[in-house]
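Participant: Below is a structure I'd like to ask you about.
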Ligand code: SF4
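Chains as they are written, first to last, in this note's numbering: chain L, 1 to 205; chain X, 1001 to 1467.
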């Protein structure tokens, strides 16, 4: 996994609440057995209006947002299906950081495991950012994970929370499976204890 | 000893170790796998040169991509066929039990876990699928995970987790006749919102929950994720133990007796505290129908399509406007005036034998409206077999429903079962997202009896007053 330390990047706005993973990446892209090549499916069903013309509202259809690495969005982003194809598609498009007032649980977790930093700011802060992004073309933010800050071009600083453990893994790009495997003896001891406490859990298939 | 919730008891008995910030290495008892969210996990495992720690704790089945029509000639879509084949090959390579597409035990992953007795109270159960919450009906801590975590479980039989908060949803009173678990959970989501349970594990309590059958409890817990919660729980009781007894993978004889004694200790202690409590009256719940593109956009069938201008804030107003545009609905339209093109009875929410029995009861002697295309997709091969032994398939077929093979089918339309753009569907599934059942398709979530009535009349009807 690619570490995340600081990022200064162009911000793209997606002004919708409850964006579900079915919208982020539609089902036809779930048939793949790879992690890559998902960018073409990102928000696919929102790219065109019902009459088939490109929807100018979607940031992907506005050249001013080309190359954005930070996605600004609304409440409960990433709800619905657990598909990790959603963060893979966002990553494939170049996003390394997402900012919203809240994220759905599974999606939030999936982001950290793929080197994407989901930042939770409060609704007023997000609203202020939406206004700023729309008002000035080329609007960039700087996100510093170690300091847990988002800094605007005007040097306004927003602070965010993140679990120390997740933060450390992301800062260093650690492989969490490797970390857990270091505790193999503890896992084995746990299993042995449980085999006597709750033996019905152990007859394996 | 401090009073504990059921969630706390299960969580604490699965802690392998804890980091300073509370991140927990949690032991996972059971792991279910399907074809869509697993290939990259198996590939990662193989690339890292690792083996599954406990292959026998994992059960795999293809369900999302499989055709629901005649399967003897395989899957015609080569991409889907490859994904299913990849799962089979991975299972073979790594010694994981696999129920193939033509195995009678095949079915939707959340239907077959309980059916086989793979799901037991007090367990931790995960699957790369958000509706893993279904298994919470047994008093198991069951939640959906991403593909990286599937690989983590295969490699370590553990997961790194932050302890969630707890929410009690208490439903007292008796449901009115013709209402079911589906109406309860839709009403709950309508009340708490689709993010209401975020960060929480919900325990459903109260008289209305206690009187639900196991299958009703599965319907209820299934949609916990639509309320934002990763998991739902119902305390195990006699219903639970009787359901489990004699299932193929359940403990037998003395071991079963011993397990039951332990399971009885799992319930939340009197006086234990939840972080949040929500209360509902079952007698106030009308049959529910969604009108929008999120499961929280729901109302009683006796209600009307809401007016976005009456929404409490700007955000919900915009979301409602958007949803009504997509759904092609006008504010103020009575729900019973909404006409349907398709009806889908199936999915891990409502495709078990009781759902089919209940639906069949309403179908008997009726005909599907000529303007409607209706289908029934059983949750598993065994459900299908049982239904056929009881003659339910005949009842459906005589009324004009299609009777299909088991799978996810039009719940997410990854196989050939897809809504056409603009088609409107009454569906017993769990998600009404834009395009969920096919690009441009419009989904209304309902219970099986409501779906049957809509199929027969061609529009929604209040099942309570339907002859
Ligand atoms: S039936 Fe639908 S919700 Fe359930 S596992 Fe299949 S696709 Fe997911």
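No residue lacks a Cβ here, since even glycine has one placed at the ideal position from N, Cα and C.
Under 8 angstroms Cβ to Cβ from residue 1269 of chain X, same chain only, skipping five residues before and after it: list those, please.
Facilitator: So the list reads 1003, 1004 and 1005, once near-sequence residues are dropped.
Participant: Are residue 1148 of chain X and residue 176 of chain L closer than 9 angstroms when you measure CB to CB?
Facilitator: Yes, the pair counts as a contact, with Cβ atoms nearer than the cut-off.
Participant: Interface residues of chain X around residue 43 of chain L at Cβ under 8 angstroms?
Facilitator: Chain X residues near residue 43 of chain L: none, gap ~11 angstroms exceeds 8 angstroms.
Participant: Is there a Cβ from chain X that is less than 9 angstroms from the Cβ of residue 192 of chain L?
Facilitator: Chain X contact via Cβ: absent.
Participant: Closest to residue 73 of chain L by C-alpha separation, out of L/90, L/2, L/155 and L/165, would be which residue?
Facilitator: For residue 73 of chain L, the nearest C-alpha among the options comes from L/90.
Participant: Under 7 angstroms Cβ-Cβ, which residues of chain X neighbour residue 17 of chain L?
Facilitator: 1315 and 1319, listed in chain order.
Participant: From residue 1060 of chain X to residue 1087 of chain X, what does the alpha carbon distance come to, in whole angstroms?
Facilitator: Straight-line Cα distance between these residues: approximately 8 angstroms.
Participant: With 7 angstroms as the limit, tell me which residues of the segment 1319–1342 of chain X have their beta carbon closer than that to any beta carbon of chain L; keep them in chain order.
Facilitator: For the segment 1319–1342 of chain X, which is checked against every Cβ of chain L, the residues closer than 7 angstroms are 1319.
Participant: Tell me where the alpha helix (DSSP H) around residue 1542 of chain X begins and ends.
Facilitator: Here chain X comprises residues numbered 1001 to 1467, so residue 1542 of chain X is not present and cannot be evaluated.
Participant: Have a look at residue 11 of chain L and residue 130 of chain L and give me their C-alpha separation to the nearest angstrom.
Facilitator: Roughly 10 angstroms separates the two Cα atoms.
Participant: Which chain L residues are close to residue 1039 of chain X, counting only those with a beta carbon under 9 angstroms from its beta carbon?
Facilitator: Per Cβ cutoff of 9 angstroms: 32, 33 and 34.
Participant: Quick check: residue 1450 of chain X and residue 1426 of chain X, are their CB atoms within less than 9 angstroms of each other?
Facilitator: Going by C-beta atoms, residue 1450 of chain X is nearer than 9 angstroms to residue 1426 of chain X.
Participant: What are the uninterrupted segments assigned as alpha helix (DSSP H) that are 4 or more residues long and contained completely in the segment 166–191 of chain L, given in chain order?
Facilitator: Whole alpha helix (DSSP H) segments, 4+ residues: 176–181.
Participant: In terms of DSSP beta bridges, what is residue 1101 of chain X paired with?
Facilitator: DSSP output for residue 1101 of chain X lists no bridge partner at all.
Participant: Compare the beta carbon distance of residue 1446 of chain X and residue 1401 of chain X with 9 angstroms and say whether it is the shorter of the two.
Facilitator: No. Outside cutoff.
Participant: Tell me the DSSP secondary structure of residue 1093 of chain X in three-state form.
Facilitator: The answer is helix: DSSP assigns residue 1093 of chain X an H, G or I state.
Participant: Cβ closer than 9 angstroms: which chain X residues qualify as neighbours of residue 186 of chain L?
Facilitator: Ordered by position in chain X, the residues that pass the 9 angstroms Cβ test against residue 186 of chain L are 1016, 1017 and 1025.
Participant: Report the CB separation of residue 1294 of chain X from residue 1194 of chain X in whole angstroms; it is logged as a contact under 8 angstroms.
Facilitator: With a Cβ gap of about 5 angstroms, residue 1294 of chain X and residue 1194 of chain X count as contacting.
Participant: Alpha carbon to alpha carbon, how far is residue 1082 of chain X from residue 1277 of chain X?
Facilitator: Roughly 46 angstroms between the two C-alpha positions.
Participant: Tell me which residue opens and which closes the alpha helix (DSSP H) that residue 15 of chain L is part of.
Facilitator: No alpha helix (DSSP H) contains residue 15 of chain L, which DSSP labels as neither H nor E.
Participant: Return the CA-CA distance between residue 172 of chain L and residue 162 of chain L, expressed in angstroms with no decimal places.
Facilitator: One C-alpha to the other measures close to 15 angstroms.
Participant: If the cut is a Cβ gap below 7 angstroms, which residues of chain L does residue 1294 of chain X touch?
Facilitator: What residue 1294 of chain X touches in chain L: 18.
Participant: What does the Cβ neighbour count give for residue 1468 of chain X, buried or exposed, with the cut at 16 atoms within 10 Å?
Facilitator: In the structure as shown, chain X starts at 1001 and stops at 1467, and residue 1468 of chain X therefore has no counterpart that could be examined.
Participant: At least one CB of chain X closer than 9 angstroms to the CB of residue 234 of chain L: is that the case?
Facilitator: Chain L is shown only over 1 to 205; residue 234 of chain L falls outside these bounds and no answer can be derived.
Participant: Residue range of the beta strand (DSSP E) that residue 1027 of chain X falls in?
Facilitator: From DSSP, the beta strand (DSSP E) with residue 1027 of chain X extends over 1024–1027.
Participant: Closer than 8 angstroms to a non-hydrogen atom of the ligand SF4 - does that hold for the CB of residue 1108 of chain X?
Facilitator: Yes; taking the cut-off as 8 angstroms, the Cβ of residue 1108 of chain X has a heavy atom of the ligand SF4 nearer than that.
Participant: Using alpha carbons as the reference points, say which of X/1325, X/1256, X/1054 and X/1234 lies closest to residue 1135 of chain X.
Facilitator: If we check each option's Cα against that of residue 1135 of chain X, X/1234 comes out closest.
Participant: Is residue 1287 of chain X near residue 1463 of chain X, with beta carbons less than 9 angstroms apart?
Facilitator: Yes, Cβ-Cβ distance for residue 1287 of chain X and residue 1463 of chain X is below 9 angstroms.
Participant: Take residue 75 of chain L as the anchor and find which of L/33, L/84, L/19 and L/37 has the nearest alpha-carbon.
Facilitator: Out of L/33, L/84, L/19 and L/37, L/19 has the C-alpha closest to the C-alpha of residue 75 of chain L.
Participant: For residue 1359 of chain X, which residues from the same chain have a beta carbon less than 6 angstroms from its beta carbon, with the 5 sequence-adjacent residues on both sides left out?
Facilitator: Cβ within range, chain order: 1345, 1448 and 1452.
Participant: Using only the alpha-carbon positions, how far apart do residue 1209 of chain X and residue 13 of chain L sit?
Facilitator: Rounded to the nearest angstrom, the two C-alpha atoms are 43 angstroms apart.
Participant: Could you tell me the alpha carbon to alpha carbon distance between residue 1354 of chain X and residue 1200 of chain X, rounded to whole angstroms?
Facilitator: Cα to Cα, the separation comes out at about 29 angstroms.
Participant: Give the interface partners of residue 1029 of chain X over in chain L, defined as CB-CB distance under 8 angstroms, in chain order.
Facilitator: What residue 1029 of chain X touches in chain L: 201.
Participant: With DSSP run on the structure shown, which of helix, strand or coil describes residue 72 of chain L?
Facilitator: If DSSP states are grouped into helix, strand and coil, residue 72 of chain L belongs with the strands.
Participant: Classify residue 1424 of chain X as buried or exposed, calling it buried when 16 or more other Cβ atoms lie within 10 Å of its own Cβ.
Facilitator: So residue 1424 of chain X counts as buried.
Participant: Pick helix, strand or coil for residue 1466 of chain X, following the three-state DSSP scheme.
Facilitator: Residue 1466 of chain X: coil per DSSP, three-state reduction.
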